[in-house]
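> The numbering of the first sequence is the working numbering, which starts it at 218 and goes up by one.
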Amino acid sequence: MNYWLLKSDPETYSWDSLAKDKTTIWDGIRNYQARNNLQLMKKGDIALFYHSNQGMNIVGQVIVSKEAYNDPSTDDLRWYVIDITLDQKFPKTIALSEMKSNSKLQNIGLIKQSRLSVMPLTIDEYFEIYNICNLK
DNA sequence: GCCAACGTTGGC
DNA sequence: GCCAACGTTGGC
């Protein structure tokens, strides 16, 4: 089991859209590093869902429901997609500013490489965020 | 709306 | 293979 973080501009595809769809194809990745990460994702892996530009916070988590396959929205065989399925909306969100000031989260791609849209998390990083988002 | 960071493209 | 020019992303 591995842990990931997926970034989405809510103007393009928001958590609310996923809440209606339940499962969606994660397409449009046109960056090699993000693509390489996509290809490493296994069915059952968990990904935190981050809203960029508007919100700038983590709102919930999803499960990888189908592993990487060729992006059907293009003939270009370089690009891949996965399917994700809604898992859980968090009771509490965590903002980018909170993550930036959390000493345990200084190495996550969100902070170190702000343009990367698919990135791995360590187990410790994942649970640090998960626990904050589920605090009573 | 601005701009830093970064990726891509194309001329040489 | 280098690098300037350009485009895009995303935080502020």
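Glycine residues also receive a C-beta, built at the ideal position from the N, C-alpha and C atoms. Only a predicted model underlies this, so the values are computations on that prediction, with no experimental measurement involved.
1. With a threshold of 8 Å on Cβ separation, who are the neighbours of A285 within its own chain once the five nearest residues in sequence on each side are excluded?
2. Where do the N-terminal and C-terminal ends of the beta strand (DSSP E) with G277 fall, by residue?
3. Considering only the alpha carbon of each residue, which of K309, Y249 and Y220 lies closest to R332?
4. Distance, Cα to Cα, L313 vs I346?
5. Measure the C-alpha to C-alpha separation of E228 and D341 and round it to an integer number of angstroms.
6. When the Cα of R252 is compared with those of D304, T339 and R295, which residue comes out closest?
7. Excluding five sequence neighbours on each side, which residues of the same chain lie with their C-beta closer than 7 Å to the C-beta of I311?
8. So the candidates are Y220, L338, I242 and L265; which of them puts its Cα closest to the Cα of F307?
Taking the structure as given:
1. L255, Q256, M258, Y297, V298 and I299
2. N274 to N287
3. Y249
4. 11 Å
5. 30 Å
6. R295
7. N274, I275, I346, I349 and C350
8. L265
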